[in-house]
Ligand code: KIV
Ligand code: ZN
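In our numbering, the protein residues as written are 613 to 1133.
Structure representation (structure tokens):
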């Protein structure tokens, strides 16, 4: 059956706990700036997420500020802050979420023998005492306390039952049993919830939660199995970003429940038509590309290439699609905008695509759209998305590209002449390189001296044709942390410069060893 984007009613309600801003942000290279986190939080709230885990307040002042600000501005969803089972962590998390309409502290401790022995060096009894003390501390600060048994799936069931009972007795209102290392199979995970709910005497006093990692590609399957076992909260992230192989993807969990409501009779409050926009917003904010064949939100998720499939689709949409593209916010329209389109058409196009830009951002995006339309024969929705997303992402940048000229060809060395706006001052430099891209990056380094190392450089075309926009991803690492930047332009060298600058600006925002003022002096 094909489904609509509206949730059905009279089914068991499953709460969606989004941890894109916490577990998602722990994914190497996926860091977001303060402003990007606020934008994502607003989007998650608008989309109907029940609980937003906004960060790990003790981890850094930046994390604390982001969680506090999100707690202040979000009016509908619960806002959670993560805390280890340490008094200072819990106090900091409590402080960060205290202005939320619905605050939650999420505290966790490891329970598996392997973690207790090798990481924590604590006995089972000591951990039980820690649970009692820390959950009670959190409960003194807020009414809504979630407790997680880290590495629950590798914890013997008898001991896991004791930890859960202890946490509920100490005041936990949600019990999360994570598959921290992505080890469980669906049958095992379902059975774990069934057993815990049967055996723990006070189990009816808490909501149970799933939190699955994707090391074996089973995160979504395990999450669904956990729901069948009695869990009523799913912890997940947009695009499945997260530690190592990531977390369960929110869009996949939501659409599996929606499309297969016949065998999974559970509802979420998610407005599914916003899933594609959410995916793009997160991908842009953390400069983390979405794989082409990613379920639900990948660019090929609704593309049909083979003759047999195209033939079927032309005859009846349900021959090869189990949900409509519209149900997840993919519009089928492409080629409608061009160099003759005016401001009003552009504004309405953006609205239709789910963007709500302020006057200045709109004006900026329109100027860039016109410039693109002058250079490119067909402007597709994806082109507009790429330029608007880039615009939003660069709104707070301290270093911006003004112009770039490159001399390249068979007779090297290649040469780049670059102008950058460095905190309001235009600075020019020329540099040579071993190839045009090397020359471009050397010119940036000449203007903005820094020690960051280039870890990844990747190019792909946004749409078809030789005039397609090239989308470049660049990953820079500095002092143990890495950031990714993305840029799009019909000229690969310009997109390379843009991508490098996005990453560099992120490093500047994080206080890395980058010296924009050196060049501006
Ligand atoms: O994977 C995990 O166990 C976690 C906990 C902090 C909940 O992310
Ligand atoms: Zn996790």
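Backbone N, C-alpha and C fix where the C-beta goes; we use that ideal spot for every residue, glycine too.
_the ligand KIV heavy atom lying under 7 Å from the CB of residue 730_ = The residue you call residue 730 lines up with position 118 of the chain shown. No, the ligand KIV has no heavy atom inside 7 Å of this Cβ.
| message | Please return the same chain residues whose Cβ sits closer than 8 Å to the Cβ of residue 997, not counting the five positions on each side in sequence. | response | As a working note, residue 997 is residue 385 in the chain shown. Excluding positions up to five away in sequence, the list reads 892, 965.
So does the segment 683-691 actually touch the segment 719-729, counting three or more Cβ pairs closer than 8 Å?
-> In the pairwise beta carbon analysis, the segment 683-691 is classified as not touching the segment 719-729: fewer than three pairs are separated by under 8 Å.
### Contact under 8 Å by Cβ, residue 1010 with residue 1035
Working through the chain shown from its first residue, we reach residue 1010 at position 398. Working through the chain shown from its first residue, we reach residue 1035 at position 423. Yes. Within cutoff.
- Heavy atom of the ligand KIV within 7 Å of residue 740 beta-carbon: Position 128 of the chain shown, counted from the first residue, corresponds to residue 740. Residue 740 Cβ: outside cutoff for every heavy atom of the ligand KIV.
*asked:* Would residue 664 and residue 692 be called neighbours here (beta carbons separated by less than 8 Å)?
replied: The residue labelled residue 664 in the question sits at position 52 within the chain shown. The residue labelled residue 692 in the question sits at position 80 within the chain shown. Taking 8 Å as the Cβ cut-off, residue 664 and residue 692 qualify as a contacting pair.
**Report entry** Spatially closest choice to residue 1080 from 1107, 701, 1057, by CA coordinates
**Finding:** One-based indexing of the chain shown puts residue 1080 at position 468. The option with the nearest alpha carbon to residue 1080 is 1107.
Quick check on the DSSP output: the beta strand (DSSP E) that includes residue 821 runs from which residue to which?
Numbered from its first residue, the chain shown carries residue 821 at position 209. Secondary structure note for residue 821: its beta strand (DSSP E) is the uninterrupted segment 819-824.
- Query: Would residue 919 be called buried (16 or more neighbouring beta carbons within 10 Å of its own) or exposed?
  - Reply: Reading the chain shown from its first residue, position 307 is the one you call residue 919. By the neighbour-count rule (16 or more Cβ atoms within 10 Å), residue 919 is not buried but exposed.
Please classify residue 877 as buried or exposed, where buried requires at least 16 neighbouring CB atoms within 10 angstroms. Sequence index remark: in the chain shown, residue 877 carries index 265 (1-based). Its Cβ having fewer than 16 others within 10 Å, residue 877 is exposed.
Original post:
From which residue to which residue does the alpha helix (DSSP H) around residue 1048 run?
Top reply: Reading the chain shown from its first residue, position 436 is the one you call residue 1048. Taken as a continuous stretch (DSSP letters only), the alpha helix (DSSP H) holding residue 1048 covers 1048-1059.
Straight-line CA distance for residue 609 to residue 807? Past the edges of the chain, shown from 613 to 1133, lies residue 609, and the structure says nothing about it.
Quiz item: Sorted by chain position, which residues of the same chain lie with C-beta nearer than 6 Å to residue 945's C-beta, five sequence neighbours on each side aside?
Solution: For the purposes of this step, residue 945 is taken as the residue at position 333 of the chain shown. No answer about residue 945 holds up, because its pLDDT of 46 lies below 50 and its placement is not dependable.
Going by CA-CA distance only, name the one from 953, 916, 820 that's closest to residue 932.
-> Sequence index remark: in the chain shown, residue 932 carries index 320 (1-based). Closest by alpha carbon: 916.
Can you check DSSP and say which residues form a bridge with residue 992? For the purposes of this step, residue 992 is taken as the residue at position 380 of the chain shown. In the DSSP output, where bridge partners are listed per residue, residue 992 has none listed.
request  = Please determine, among 908, 840, 1017, 899, the residue with the shortest C-alpha to C-alpha distance to residue 884.
outcome  = Translated into the one-based positions of the chain shown, residue 884 becomes position 272. Comparing Cα-Cα distances from residue 884 to each of 908, 840, 1017, 899, the minimum goes to 908.
Using a threshold of 8 Å, state whether the C-beta atoms of residue 839 and residue 846 are closer than that.
Here residue 839 corresponds to residue number 227 of the chain shown, with the count starting at 1. Here residue 846 corresponds to residue number 234 of the chain shown, with the count starting at 1. It is a contact, given that the beta carbons lie within the stated cut-off.
- prompt: Taking the continuous alpha helix (DSSP H) assigned at residue 1152, which residues delimit it?
  reply: No answer is possible for residue 1152: the residues shown for the chain start at 613 and end at 1133.
Q.
So, at 8 Å on beta carbons, what are the nonlocal neighbours of residue 772 in its own chain, with the 5 sequence-adjacent residues on each side left out?
A. Here residue 772 corresponds to residue number 160 of the chain shown, with the count starting at 1. If we look at residue 772 and ignore the five residues flanking it on each side, its Cβ neighbours are 723, 761, 764, 789, 804, 808.
Does residue 960 pass the burial test, meaning 16 or more other C-beta atoms within 10 Å, or should it be called exposed? Position 348 of the chain shown, counted from the start, is the residue given in the question as residue 960. Residue 960 should be labelled exposed.
Q.
On the CB-based measure, 16 or more other CB atoms within 10 Å of its CB, does residue 731 come out buried or exposed?
A. As a working note, residue 731 is residue 119 in the chain shown. Per the 10 Å Cβ criterion, exposed.
Distance between residue 901 and residue 1181 (C-alpha atoms, nearest Å)
Beyond the ends of the chain as shown, which are 613 and 1133, falls residue 1181; an answer cannot be given.
Next item on the list: Pull up the distance between the alpha-carbon of residue 797 and that of residue 835, whole angstroms please.
Entry: Position 185 of the chain shown, counted from the start, is the residue given in the question as residue 797. Position 223 of the chain shown, counted from the start, is the residue given in the question as residue 835. Each residue's Cα considered, the two are about 10 Å apart.
I need the boundaries of the beta strand (DSSP E) containing residue 931, first residue and last residue. For the purposes of this step, residue 931 is identified with residue 319 of the chain shown, where counting begins at 1. Per DSSP, residue 931 belongs to no beta strand (DSSP E) and is neither H nor E.
Please report the distance separating the alpha-carbon of residue 985 from that of residue 795. To locate residue 985, count along the chain shown from 1; it is residue 373. To locate residue 795, count along the chain shown from 1; it is residue 183. Near 50 Å, if we compare the C-alpha coordinates of residue 795 and residue 985.
(message) Restricting to Cα atoms, I'd like to know which of 1038, 1037, 1055 is closest to residue 1044.
(response) For the purposes of this step, residue 1044 is taken as the residue at position 432 of the chain shown. Out of 1038, 1037, 1055, 1055 has the C-alpha closest to the C-alpha of residue 1044.
| residue 848 to residue 857 span [Cα, whole Å] | The residue labelled residue 848 in the question sits at position 236 within the chain shown. The residue labelled residue 857 in the question sits at position 245 within the chain shown. If I take the Cα positions, the gap works out to 13 Å.
Beta carbon of residue 1088 nearer than 8 Å to that of residue 1105: The residue you call residue 1088 lines up with position 476 of the chain shown. The residue you call residue 1105 lines up with position 493 of the chain shown. No, the pair does not count as a contact, with Cβ atoms beyond the cut-off.
> Heavy atom of the ligand ZN less than 7 Å from the Cβ of residue 635, yes or no?
Replying inline: Within the chain shown, the letter at position 23 stands for residue 635. In this structure, residue 635 has its CB closer than 7 Å to one or more heavy atoms of the ligand ZN.
DSSP state of residue 1067, grouped into three classes?
One-based indexing of the chain shown puts residue 1067 at position 455. Three-state DSSP puts residue 1067 in a strand.
Among the residues of its own chain, which have a CB less than 6 Å from the CB of residue 1084, if the five just before and after it don't count?
Taking the chain shown and counting its residues from 1, one reaches residue 1084 at position 472. Contacts found: 1071, 1099, 1107, 1108, 1111.
Euclidean distance between Cα positions of residue 767 and residue 757: Here residue 767 is taken as the residue at index 155 of the chain shown, counted from 1. Here residue 757 is taken as the residue at index 145 of the chain shown, counted from 1. In a straight line, the C-alpha of residue 767 is about 22 Å away from that of residue 757.
Under 8 Å, with one C-beta from each stretch per pair, do the segment 643-654 and the segment 859-872 reach the 3-pair mark? No contact exists between the segment 643-654 and the segment 859-872.
Judging by CA-CA distance, which residue of 975, 778, 1060 is the nearest neighbour of residue 737? As a working note, residue 737 is residue 125 in the chain shown. Closest option to residue 737, Cα to Cα, is 778.
For the beta strand (DSSP E) holding residue 724, just list the boundary residues, first then last.
By one-based count along the chain shown, residue 724 stands at place 112. Unbroken run through residue 724: none, as it is neither H nor E.
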